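Asks: Those protein sequence lines, which keep their order, are chains A and B. So the first sequence is numbered by numbering that gives the first Met the number 0: it starts at 0 and just counts up by one. So the second sequence is numbered by numbering that gives the first Met the number 0: it starts at 0 and just counts up by one. So that we are looking at the same thing, I have put the structure below in structure tokens.
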Amino acid sequence: MLKREGRVRIPSGCAISGIFSKSGTPMNGETIIKSIATMHDRSNGLGGGFAGYGIYPEYKQYYALHIFHDSTDAKHDCERFLEEHFDIINLSKIPTRKVDSITDEPLIWRYFVTPLPTKLAASALDEKEFTGQCVNHINTKIDGSYVFSSGKNMGVFKAVGFPEDVGRFYKLEEYEGYSWTAHGRYPTNTPGWWGGAHPFAFLDFTVVHNGEISSYDANRRFIEMFGYKCNLLTDTEVITYIIDYLVRKQGLSFEEASHVIAAPFWSSIDKMEPAKRAQYIFLRRQFAELLITGPFSILLGFDGGVMALNDRLKLRSMVCGEKGDMTYFASEECAIRVIEPDLERIWSPAGGEPVIVRLNKDVQ
Amino acid sequence: MLPQDYIYPEFTVLRNQDKCITCRVCERQCANQVHSFDAEKGIMVADDSKCVCCHRCVSLCPVHALQIVESPHTFRPNANWSDQTISEIYKQASTSAALLSSMGNPNDLPVYWDKILINASQVTNPSIDPLREPMETKTSLGKRTDTVNRNADGSIDTTMAPHIELSTPIMFSAMSYGAISYNAHESLARAATNLGICYNTGEGGLHKDFYKYGPNTIVQVASGRFGVHKEFLEAGCAIEIKMGQGAKPGIGGHLPGAKITADVSATRMIPQGTDAISPAPHHDIYSIEDLRQLVYSLKEATAYTKPVIVKIAAVHNVAAIASGVARSGADIIAIDGFRGGTGAAPTRIRDNVGIPIELALAAVDQRLREEGIRNQVSIVCGGSIRSSADMVKAICLGADAVYLGTAALLALGCHLCRTCQSGKCNWGIATQRPDLVKRLNPEIGHQRLENLVIAWTREMKEMMGGMGINSIEAMRGNRLMLRGVGLNDRELSILGIKHAGE
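Here you go:
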């Protein structure tokens, strides 16, 4: 029997795509589906998914937990744990429609929750850390339940299938967000587990990634020192945790974090003016094992923005486009042109050079 | 001598008399006085019993008339009582002495490096060609800060504990002036400087001529405290406290008076001709809290400008010991495996005490990670790293850098005859006899050391590129890049690697 994701490391090729409105204009999921569908041949039907930001305005102060349950027993165990730690404001099945190519679906539930004040106070943790630890607990300790989305006012939708089919399955046309990312997966083999599809999400961070990083185990063994548990053994998972650690726990900016994970070469650092050079040397020394090598192109979604980043040798394609307040990202230009043929600017960011876009100040 | 004490020579000197031109080079070159000229017969003859198999005569014979072979002479074969064991008993029965040996444990014990294989990229990600793309080997050793602090203007406070910066993750390990010669030290110091790496004084102090190589020198403080003074501590780029040595864990050192020449005496700050005896423990360190005091004493003495390395031998409880060391203010931990070399050690200790570096390194790295403190300390491993492949495997297991001792001596001409304790090294390395020391030309010596390090670095870059890795830190602790062959589950689990095929 094939081993399930997490018991074995599976290399994947992929397609990624993203759209972002700086003015916060809501867009339904149709556009991003159209974009990722253009790159159909970069996926092989073994995983697709989406992340949308700004999609739950009516519940924006609550954590939206999207959970796959393999069985009703697992669901009961998981819900008991949730009730012990959170106030559950609302729970429901995530609406889906029948799509022929999407099969073997688990129980897919959504919970809007807020940490129980007594539990939160007793834990002496901040709200995000508390929630993050609870998510890790479910994913590590509760057999058969898997939290695949855990941020506020955002959500991940993913499945085993081609991304365009996954988008229709989850009725993404019914959600409206200011930021969307999408992923089509081309794993070299797969146990067909839905949790293994991408995006990978942790709190409000989501990552879609195309590549196969060669630094994986150096990164994993380092980040696991800080309470993270890499259950899936995927690149995307470890990249998400690295960003969470650098940005949320160490207080780095996204730009500084990108200088850790796609650090400039020493030869470039040596040519910088002294103050800047000191900053870059510090980051490379302090977080040496969080340098990511090998090919990757990632779109990191976060609350109010998105960051695109390539590995420092640019071993994976990624292009960006702009028109008005819209920014587009994709593995291939065609996936941008198909939704916006009339771009004001289109470019291919250099390796290791982050492209960060955020909501305009007035709509933050 | 009683007849039972006669031991047939271990080696036989074969001389092709047809080729021999009786130039007597062999005679002049052999400090062991193996060769002599038989005037009556007009030929060169050899006293096999004095031969240590160092190949000096073989290498210099202009007509290639010489070879040294293992003697075919044998005791009645016995799987339990080897020839060596029997001979050693005869020696001890006649002398009551502890047996002495040099260099690393030569016995047939597992070499885990040889049962570990390295990965390479195929199809799903590209390998990287080091001839076309940058391949970074620069390594920085030292402590890191706990959290990132900010200056008033919001920029990162880049203050950090002092580090050692290496162009490639290799250093020459501690070998004292006294145990090895002035010319050997000069070769190591110059090579380290030209390469942008470090060499290590060992516990014999630093000769006044070599202070100029300070930025590439690690100065060592060991239990004998030979040659330790303020200028010495301030001279190097780092200070190493030697708690143990892989070749002889648990015991000190003994440099015979014959090696304490005027220069060695001045450098060590002990009288000429006296034996230099290093106690087994540091007499101010009887526990881990004492180690902390010495670490901070040395830091105070150098105004916190030098990282402190604590070197320990790989013994059974090495992971817990390393964890204690990491919490005692050490910036770097050096672990020395049981194959590590020495100028002299009791044979039984060299051959029976300590554990393989591969297992020790893996256990230490994993333990420090489990305790969440691996990023607070760098790990250097040695004893023994024999090739660039061993080095790559060590880094994948979790080492920041490696120490080369034996390999460096081999580069200088050592033929691993393992008789350093005699002080008659024909290659001018482990000796203080001026006529022998001058055989090692530092002009050539430093170049050969540089060649070795450059060659290994090249090979390492090729292997890194094959794995799709273009910076050394992405390889550090990257155990997924390793697989074991022919190892049992227990060994694999200690090494933290999978079996080939998994």
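Cβ atoms here follow ideal geometry from the backbone N, Cα and C, with glycine treated the same way. These figures come from a predicted structure and were not determined experimentally.
(1) Between T123/B and chain A, is the shortest Cβ-Cβ distance under 7 Å, so that the two count as touching?
(2) Using 10 angstroms around the beta-carbon of Q285/A, count the other beta-carbons present and answer buried if the total reaches 16, otherwise exposed.
(3) Select from the region 94-106 of chain B all residues with a C-beta closer than 9 Å to any C-beta belonging to chain A, and list them in chain order.
(4) Applying a beta-carbon distance threshold of less than 8 Å, which residues of chain B neighbour T364/A?
(5) Assuming P186/A contacts G46/A (C-beta within less than 8 Å), just tell me the rounded distance between them.
(6) Check for me: the alpha helix (DSSP H) holding S257/A runs from which residue to which?
(7) One question on the structure: do A234/B and G213/B come within less than 7 Å of each other, judged by their Cβ atoms?
(8) Specify the secondary structure class of M38/A as computed by DSSP and reduced to three states.
(9) Taking 7 Å as the threshold (beta carbon to beta carbon), is P133/B in contact with chain A?
(10) Along chain A, which residues have their Cβ under 8 Å away from the Cβ of T157/B?
(11) On the DSSP letters alone, give me the boundaries of the beta strand (DSSP E) that N309/A sits inside.
(12) So, is the C-beta of F85/A closer than 7 Å to a C-beta in chain B?
(13) Can the beta-carbon of K228/A be found closer than 7 Å to that of N135/A?
(14) Does M0/A get closer than 7 Å to chain B when you measure Cβ to Cβ?
(15) Can you give me the C-alpha to C-alpha distance between S35/B and C29/B, rounded to a whole angstrom?
(16) With C-beta atoms as the reference, is N487/B less than 7 Å away from F337/B?
(17) For Q292/B, name the three-state secondary structure that DSSP assigns.
(18) Applying a beta-carbon distance threshold of less than 8 Å, which residues of chain A neighbour H162/B?
(19) Would T540/B and F281/A be called neighbours here (beta carbons separated by less than 7 Å)?
(20) Alpha carbon to alpha carbon, what distance is there between R349/B and Q66/B?
(21) On a CA-only basis, which of L194/B, S377/B and M459/B is nearest P129/B? Give me that one, please.
(22) Measure from the C-beta of L130/B to each C-beta in chain A and report whether the shortest distance is under 7 Å.
(23) Between which two residues does the alpha helix (DSSP H) carrying W455/B extend?
(24) Beta strand (DSSP E) containing K241/B: first to last residue?
(25) In whole angstroms, give me the CA-to-CA distance for F10/B and P433/B.
(26) Can you say whether H445/B is buried or exposed, counting buried as having 16 or more other CB atoms within 10 angstroms of its CB?
(27) Please tell me whether I18/A has its Cβ less than 7 Å away from any Cβ of chain B.
(28) What does the alpha-carbon distance come out to for the pair G183/A and G351/A?
(29) In whole angstroms, give me the CA-to-CA distance for M466/B and L396/B.
(30) In the DSSP assignment, find the unbroken beta strand (DSSP E) run with Y89/B in it and report its ends.
(31) Name, going along the chain, the residues of the region 474-486 of chain B whose beta-carbon falls closer than 8 Å to a beta-carbon of chain A.
(32) Along the region 287-307 of chain B, what residues have a CB closer than 7 Å to any CB found in chain A?
(33) Name the residue from S277/B, M242/B and K298/B whose alpha carbon lies nearest to the alpha carbon of I287/B.
(34) Could you please give the first and the last residue of the uninterrupted beta strand (DSSP E) stretch that includes L64/B?
(35) For G250/A, return the contacting residues in chain B, with the cut-off set at a CB-CB distance below 7 Å.
(36) Three-state secondary structure (DSSP) at E175/A?
Replies: Considering the structure as presented:
(1) Look at T123/B: its C-beta is under 7 Å from a C-beta on chain A.
(2) Buried.
(3) The residues in question: there are none.
(4) Outside the displayed span of chain A (0 to 363) sits residue 364/A, for which this structure offers no information.
(5) Yes, P186/A and G46/A are in contact; Cβ-Cβ is about 6 Å, under 8 Å.
(6) The continuous alpha helix (DSSP H) containing S257/A extends over residues F253 to I260.
(7) Against a cut-off of 7 Å, the Cβ pair of G213/B and A234/B comes out as a contact.
(8) Of the three classes helix, strand and coil, the one that applies to M38/A here is coil, per DSSP.
(9) Judged by the 7 Å Cβ criterion, P133/B is in contact with chain A.
(10) Those are A277, Q278, I280 and F281, listed as they occur along chain A.
(11) G304 to N309 is the extent of the beta strand (DSSP E) around N309/A.
(12) Among the residues facing chain B, F85/A is not included, as its CB has no counterpart in that chain under 7 Å away.
(13) A contact, by the Cβ cut-off of 7 Å.
(14) Confidence in M0/A is poor, its pLDDT being 46 and thus under 50, which makes the residue's placement unreliable; the coordinate value appears in the next sentence. Output row for M0/A: interface = no.
(15) Approximately 10 Å, taken between the alpha carbons.
(16) Taking a C-beta distance under 7 Å as the contact criterion, N487/B and F337/B do not qualify as a contact pair.
(17) Helix at Q292/B.
(18) R284, listed in chain order.
(19) Past the boundaries of the shown model lies residue 540/B; chain B is included only from 0 to 501, so the question cannot be answered.
(20) About 29 Å.
(21) Ranking L194/B, S377/B and M459/B by Cα distance to P129/B puts M459/B first.
(22) No, no contact with chain A.
(23) Its alpha helix (DSSP H) spans residues P441 to M466.
(24) In the DSSP assignment, K241/B falls within the unbroken beta strand (DSSP E) covering A237 to K241.
(25) Cα to Cα, F10/B sits roughly 27 Å from P433/B.
(26) Buried, because 16 or more other Cβ atoms sit within 10 Å of the Cβ of H445/B.
(27) No, because no Cβ of chain B sits closer than 7 Å to the Cβ of I18/A.
(28) Rounded to whole angstroms, G183/A to G351/A spans 23 Å at the Cα level.
(29) Rounded to the nearest angstrom, the gap between the Cα atoms of M466/B and L396/B is 15 Å.
(30) Per DSSP, Y89/B is not a residue of any beta strand (DSSP E); the alpha helix (DSSP H) it occupies stretches across D82 to T94.
(31) When C-beta distances to chain A are compared with 8 Å, the residues of the region 474-486 of chain B below that value are M474, R475, G476, N477, R478, L479 and M480, in chain order.
(32) Those would be none; no residue qualifies.
(33) Comparing C-alpha distances from I287/B to each of S277/B, M242/B and K298/B shows the shortest one belongs to M242/B.
(34) Looking at the sequence provided, one finds Ala at residue 64/B rather than Leu. For A64/B, there is no enclosing beta strand (DSSP E), as DSSP marks it with neither H nor E.
(35) Those are V147, listed as they occur along chain B.
(36) Three-state result, E175/A: strand.
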